[in-house]
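Comments concern the structure below.
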């Protein structure tokens with residue numbers, strides 16, 4: 108552990124509307140999650156998917172083991188510390204819209220450190236810093252146990268003075284619960300031991316409080332934890348619980364879910380999981396209710412993959428795409444819900460520490476046209492339905508039609524005949540390989556077939572009835588005349 112490193116799509120469901128004489132197309136829109144689909148206003152196209160590298164010349168130095176968090180009030184990322192061979196105490200702010208970094212130079216800053224915990228407390232409107240490690244000139248490592256707050260609006264660091272605190276440590280797993288307004292900390296490394304305790308911090312009271320639980324994950328460092336507000340749960344993934352100077356490591360192959368309300372940790376056993384690892388980036392995609400995992404170190408390999416975890420289905424998917432950052436560990440990152448993008452900065456590989464900034468967007472939104480061959484079909488008429496879908500993961504995994512009369516189809520372009528007149532609720536569901544889906548519905552009126560001769564007969568009968576009515580009416584009027 109005494110090393111210098113201790114430490115993506117909102118799918119806008121759209122089907123276009125166009126009307127014509129013989130065929131017509133309907134639309135339905137659904138945007139799960141949030142409405143912040145503004146895209147980038149800088150050099151990154153709002154339509155770009157996959158990885159895009161920032162090109163602005165101003166950025167932090169090459170760093171590993173730095174700390175970064177997203178300030179949702181100001182829509183910026185705050186980066187502090189990290190190591191370029193020795194720990195630093197610089198503060199930088201990234202605007203993801205413009206992709207521009209700016210260094211902040213406060214009068215007072217926390218001491219230099221790496222692999223601390225850094226989260227944004229939305230209730231306090233402040234960034235919270237705790238712990239980390241620093242290296243003395245003689246090469247020894249020391250863990251820190253101090254707490255600081257940073258305010259983006261005025262660029263000010265302020266030391267906090269809680270009465271009690273967790274023992275000094277680095278490499279703890281940490282996340283902020285916006286519902287309860289608390290920062291949760293688990294585990295870490297104190298220089299000799301892997302830790303397995305749990306604490307939470309209440310900013311309003313400036314208090315760290317130990318939180319025992321009947322069952323806890325095994326002691327570890329460098330695991331990653333993030334909070335999912337949809338299910339009001341924390342998710343912890345892997346980490347390491349053994350390392351030595353021969354570069355032998357052990358990474359727990361596990362994943363845990365913690366709910367604050369009942370104070371319960373529950374292990375999760377998905378059908379497949381990413382390789383166990385430490386030093387990864389782990390963040391919550393608020394739009395999809397998914398967690399994003401990028402890179403890290405596992406099985407003596409520096410990784411460059413990207414995975415998503417659906418917190419409802421409890422399913423992992425590998426969504427790695429070409430052209431992204433080189434494999435790396437000890438990078439930092441986070442998810443920007445306003446611009447719908449994952450940000451990744453720095454980290455290192457076998458040869459160098461990085462100073463590059465990357466942005467990851469999900470594949471483009473699912474967009475499709477649903478076409479019905481007749482706007483007013485009749486009983487016995489063959490009606491053609493079709494759906495053309497682009498975007499998403501690029502592959503439709505499932506298509507289903509429900510015609511509202513008890514009949515269904517799995518074909519993309521089915522034919523259907525209605526047996527009785529009425530109004531039928533037609534429903535189409537398309538789902539891509541990521542599990543994203545959209546639902547399209549239509550109330551379709553089906554009438555009876557009326558032959559031409561019957562149309563003429565009905566007209567003649569109507570005219571005859573009208574003539575008789577008029578004749579009777581005139582005769583009655585004449586009788587009233589004296």
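Numbering (my numbering), first residue to last: 108 to 589.
Glycine included, every Cβ here is placed at the ideal spot set by N, Cα and C.
Keep in mind it's a predicted model, so treat the numbers as computed, not measured.
Going by other Cβ atoms of all chains shown within 10 Å of its Cβ, with 16 needed for buried, is residue i buried or exposed?
i, result
"residue 578", "exposed"
"residue 368", "exposed"
"residue 574", "exposed"
"residue 67", "Past the boundaries of the shown model lies residue 67; the chain is included only from 108 to 589, so the question cannot be answered."
"residue 359", "buried"
"residue 241", "buried"
"residue 194", "buried"
"residue 250", "buried"
"residue 435", "buried"
"residue 406", "exposed"
"residue 392", "buried"
"residue 569", "exposed"
"residue 357", "exposed"
"residue 116", "In this prediction, residue 116 scores a pLDDT of 23, lower than 50, which makes its location untrustworthy; no coordinate-derived value is stated."
"residue 349", "exposed"
What does the alpha-carbon distance come out to for the pair residue i and residue j?
i, j, result
"residue 362", "residue 219", "32 Å"
"residue 216", "residue 346", "29 Å"
"residue 528", "residue 483", "11 Å"
"residue 537", "residue 254", "49 Å"
"residue 451", "residue 383", "20 Å"
"residue 447", "residue 230", "22 Å"
"residue 488", "residue 535", "20 Å"
"residue 324", "residue 460", "31 Å"
"residue 144", "residue 445", "Confidence in residue 144 is poor, its pLDDT being 24 and thus under 50, which makes the residue's placement unreliable; the coordinate value appears in the next sentence. Those two C-alpha atoms are separated by around 7 Å."
"residue 385", "residue 351", "15 Å"
"residue 485", "residue 553", "5 Å"
"residue 497", "residue 525", "29 Å"
"residue 539", "residue 423", "15 Å"
"residue 222", "residue 200", "18 Å"
"residue 355", "residue 301", "15 Å"
"residue 172", "residue 159", "22 Å"
"residue 490", "residue 515", "14 Å"
"residue 87", "residue 373", "Here the chain comprises residues numbered 108 to 589, so residue 87 is not present and cannot be evaluated."
"residue 319", "residue 282", "17 Å"
"residue 449", "residue 440", "7 Å"
"residue 443", "residue 400", "15 Å"
"residue 234", "residue 176", "8 Å"
"residue 479", "residue 508", "12 Å"
"residue 379", "residue 504", "18 Å"
"residue 314", "residue 271", "7 Å"
"residue 137", "residue 576", "Confidence in residue 137 is poor, its pLDDT being 29 and thus under 50, which makes the residue's placement unreliable; the coordinate value appears in the next sentence. Cα-Cα distance, rounded: 55 Å."
"residue 387", "residue 311", "31 Å"
Any heavy atom of the ligand FAD inside 8 Å of the beta-carbon of residue i?
i, result
"residue 296", "Looking at this structure, you won't find the ligand FAD or any other ligand, since it has none at all."
Since residue i contacts residue j with CB under 8 Å, what's their CB separation in whole angstroms?
i, j, result
"residue 258", "residue 333", "So it is not a contact: roughly 23 Å between Cβ atoms."
"residue 493", "residue 519", "7 Å"
"residue 398", "residue 467", "Their Cβ separation, rounded to whole angstroms, is 14 Å, which puts residue 398 and residue 467 out of contact at 8 Å."
"residue 337", "residue 288", "With 8 Å as the limit, residue 337 and residue 288 do not qualify as a contact, their Cβ atoms being about 18 Å apart."
"residue 184", "residue 174", "That pair is no contact at about 11 Å."
"residue 297", "residue 326", "Residue 297 to residue 326, Cβ: 11 Å. No contact."
"residue 322", "residue 366", "The Cβ separation is near 12 Å, so there is no contact."
"residue 545", "residue 531", "The Cβ separation is near 20 Å, so there is no contact."
"residue 238", "residue 277", "6 Å"
Within the continuous beta strand (DSSP E) that includes residue i, where are the two ends?
i, result
"residue 197", "Residue 197 -> no beta strand (DSSP E), and no H or E assigned at all."
"residue 532", "529-539"
"residue 316", "314-317"
"residue 374", "371-374"
"residue 321", "Careful: residue 321 lies outside any beta strand (DSSP E) and carries neither H nor E."
"residue 204", "Where residue 204 is concerned, there is no enclosing beta strand (DSSP E), given that its DSSP letter is neither H nor E."
"residue 552", "544-553"
"residue 397", "397-405"
"residue 187", "183-187"
"residue 249", "248-250"
"residue 435", "No beta strand (DSSP E) holds residue 435; DSSP gives it neither H nor E."
"residue 468", "464-468"
"residue 488", "That residue, residue 488, is in no beta strand (DSSP E); it is neither H nor E in DSSP."
"residue 266", "263-266"
"residue 175", "174-178"
"residue 159", "157-160"
"residue 300", "Counting along the chain, residue 300 falls outside any beta strand (DSSP E), and DSSP gives it neither H nor E."
Between residue i and chain C, is there a C-beta pair that is closer than 9 Å?
i, result
"residue 299", "Absence of chain C from the displayed structure is noted, only one protein chain being present."
Quiz item: Between the segment 161-168 and the segment 224-231, do at least 3 Cβ pairs fall closer than 8 Å?
Solution: At 8 Å Cβ cutoff, the stretches do not touch.
Quiz item: Does the segment 198-218 come close enough to the segment 155-164 to have 3 or more Cβ pairs within less than 8 Å?
Solution: The segment 198-218 is in contact with the segment 155-164.
Quiz item: Should the segment 326-342 be called in touch with the segment 282-293, which here means at least 3 C-beta pairs below 8 Å?
Solution: By the Cβ rule, the segment 326-342 counts as touching the segment 282-293, because three or more pairs are nearer than 8 Å.
Quiz item: Should the segment 408-416 be called in touch with the segment 424-443, which here means at least 3 C-beta pairs below 8 Å?
Solution: The segment 408-416 and the segment 424-443 touch, with no fewer than 3 CB-CB distances between them shorter than 8 Å.
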